[in-house]
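Asker: Structure below; questions to follow.
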Amino acid sequence: MIGTSICFDPGTSNMTLWVDGKGIVTSEPSVIAYDAQTGKISAIGKKAYEMTGRNSDWIDIVRPIKDGSFFDLQTVQSVLSFYIQKLCGNKVLKPNILVSIPCSANTVDKRTVIDLATSSGAARACAVDETLAAAVGAGVDVNSYKGTLIVDIGGGITDISVIAKGLVCVSSSIKIAGNTFDDAIISFAKKEKELIIGKITAENLKKELGCTSFLEAEIAMRTVGKDILTGLPKETEITSVDVFMSIREHLESIAEEIRLLLEKTPPELSADIFENGLIITGGSAKLKGIDKFLEYRTGVPARIADEPETCVIRGLAKLSKAKKLLERNACFYKTRQELGYDEY
Ligand code: ADP
Ligand code: MG
462 MIGTSICFDP GTSNMTLWVD GKGIVTSEPS VIAYDAQTGK ISAIGKKAYE MTGRNSDWID
522 IVRPIKDGSF FDLQTVQSVL SFYIQKLCGN KVLKPNILVS IPCSANTVDK RTVIDLATSS
582 GAARACAVDE TLAAAVGAGV DVNSYKGTLI VDIGGGITDI SVIAKGLVCV SSSIKIAGNT
642 FDDAIISFAK KEKELIIGKI TAENLKKELG CTSFLEAEIA MRTVGKDILT GLPKETEITS
702 VDVFMSIREH LESIAEEIRL LLEKTPPELS ADIFENGLII TGGSAKLKGI DKFLEYRTGV
762 PARIADEPET CVIRGLAKLS KAKKLLERNA CFYKTRQELG YDEY
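Position in the sequence shown (first residue = 1) + 461 = my numbering.
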């Protein structure tokens with residue numbers, strides 16, 4: 462296949478791009494700021510993220526990916542076109558793009574992704590299940606006949622799959638992940654501390670204090686927000702116990718979803734999983750003690766992948782050179798003509 466290979470991981474929280482020969486070229490929050498008067502993009506990624514909750518009326522902040530799916534197609538297309546132009550604008554041949562999609566995506570979703578990528582400047586595009594990519598990125602021998610359980614906990618969704626013989630055998634997806642934890646911390650602060658905090662503060666609290674059990678030595682952070690009654694700035698202490706109590710029920714839901722999938726898994730694969738264990742990927746795998754929590758709740762030995770937040774993009778990069786493995790999973794590179802668009 463001629464043309465440069467590009468891989469694109471459009472996550473709910475972070476968009477990451479990899480280019481053959483260069484490696485990861487960009488990894489930015491999936492946030493875009495528009496100038497409300499002109500309708501033009503005024504910031505992409507980190508800059509737009511930092512404006513969240515601090516934006517004036519002239520700036521609209523958009524998160525184009527919701528729960529792992531394209532929610533604002535036009536914005537994703539603008540961003541992808543921008544990067545393709547920046548990365549390959551001087552090349553004669555258009556690039557070929559491999560894009561990750563949630564394991565719950567159906568054929569229409571796959572088609573939408575290929576349509577969007579080819580209309581953003583790619584010659585050909587191919588969509589692949591992100592749990593397969595995560596497994597490859599985590600260093601799992603996916604071609605082994607022995608099954609492995611992959612749990613990718615990102616920003617908007619948790620994807621769970623059993624992979625064996627290079628195929629995704631059973632999978633499920635729930636809309637509970639990092640953002641759910643942030644929202645739970647916001648609700649807790651409001652209810653229990655009479656403090657209104659924004660999304661960025663909640664995410665920082667989760668990263669600093671987040672844990673999956675009662676810690677022996679509790680940690681705390683002074684947190685500034687707005688008093689619910691007076692509306693004036695107020696400082697309160699929030700502890701690791703507070704954060705754990707607010708996210709606990711959502712952690713239980715993730716464990717329950719894994720248990721449900723294990724119930725649906727054929728017995729031979731279940732035995733393999735018990736031996737190979739459960740591998741956690743995605744940015745939320747960095748929540749302290751998540752491996753021990755899931756191990757205790759599911760009875761399956763769990764480990765966190767190295768650099769869990771980049772497993773999907775690193776896996777895509779390897780898959781872009783493993784055509785046979787892609788084809789076994791019914792993932793084919795398609796042009797716009799092959800999609801049938803130019804016939805009408
Ligand atoms: P997506 O693929 O959905 O874009 P990522 O895999 O990039 O998501 O993970 C992003 C999520 O990981 C966010 O909710 C972020 O808050 C969370 N996260 C990142 N670092 C940490 C950390 N140290 N502790 C807990 N959560 C974290
Ligand atoms: Mg992801």
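The C-beta atom is built at its ideal place from N, Cα and C for all residues, glycine as well.
1. Indicate whether threonine 470 and serine 561 have their beta-carbon atoms separated by less than 8 Å.
2. Three or more C-beta pairs under 8 Å: does that hold for the region 496-507 against the region 616-629?
3. Relative to the ligand MG, is the shortest distance from any of its heavy atoms to the C-beta of glycine 659 smaller than 7 Å?
4. Using the C-alpha atoms, what's the distance from isoleucine 611 back to glycine 600?
5. Just verifying my parser: in three-state terms, what is the DSSP assignment at tyrosine 606?
6. Check the DSSP bridge columns for tryptophan 479 and list the partner residues they point to.
7. Leaving out the 5 sequence neighbours to the left and right, which residues in its chain are closer than 8 Å to glycine 482 when beta-carbon positions are compared?
8. Return the bridge partner residues of proline 490 from the DSSP annotation.
9. Report yes or no: do three or more beta-carbon pairs, one from the region 689-706 and one from the region 657-676, lie closer than 8 Å?
10. Could you work out which residue in Ala625, Ala596, Leu777 is closest to glycine 484 when comparing CA atoms only?
11. Between phenylalanine 735 and the rest of its own chain, which residues show a CB-CB distance below 7 Å, the 5 nearest in sequence each way excluded?
12. Write down every uninterrupted run of the beta strand (DSSP E) in the region 547-618 whose length is 3 residues or greater and which is fully enclosed by it, in chain order.
13. Would the beta-carbon of glutamate 664 be found less than 7 Å away from any heavy atom of the ligand MG?
14. Return the CA-CA distance between leucine 787 and valine 603, expressed in angstroms with no decimal places.
Answerer: The structure says:
1. A small correction: the amino acid at residue 470 is aspartate; threonine does not occupy that position in the sequence shown. It is a contact, given that the beta carbons lie within the stated cut-off.
2. no
3. no
4. 12 Å
5. coil
6. The partner list for tryptophan 479 (beta bridge, DSSP) reads Cys468, Ile485.
7. Thr465
8. Asn475
9. yes
10. Leu777
11. Excluding positions up to five away in sequence, the list reads Val761.
12. 557-562, 585-590, 609-614
13. It does not: the Cβ of glutamate 664 is nowhere closer than 7 Å to a heavy atom of the ligand MG.
14. 12 Å
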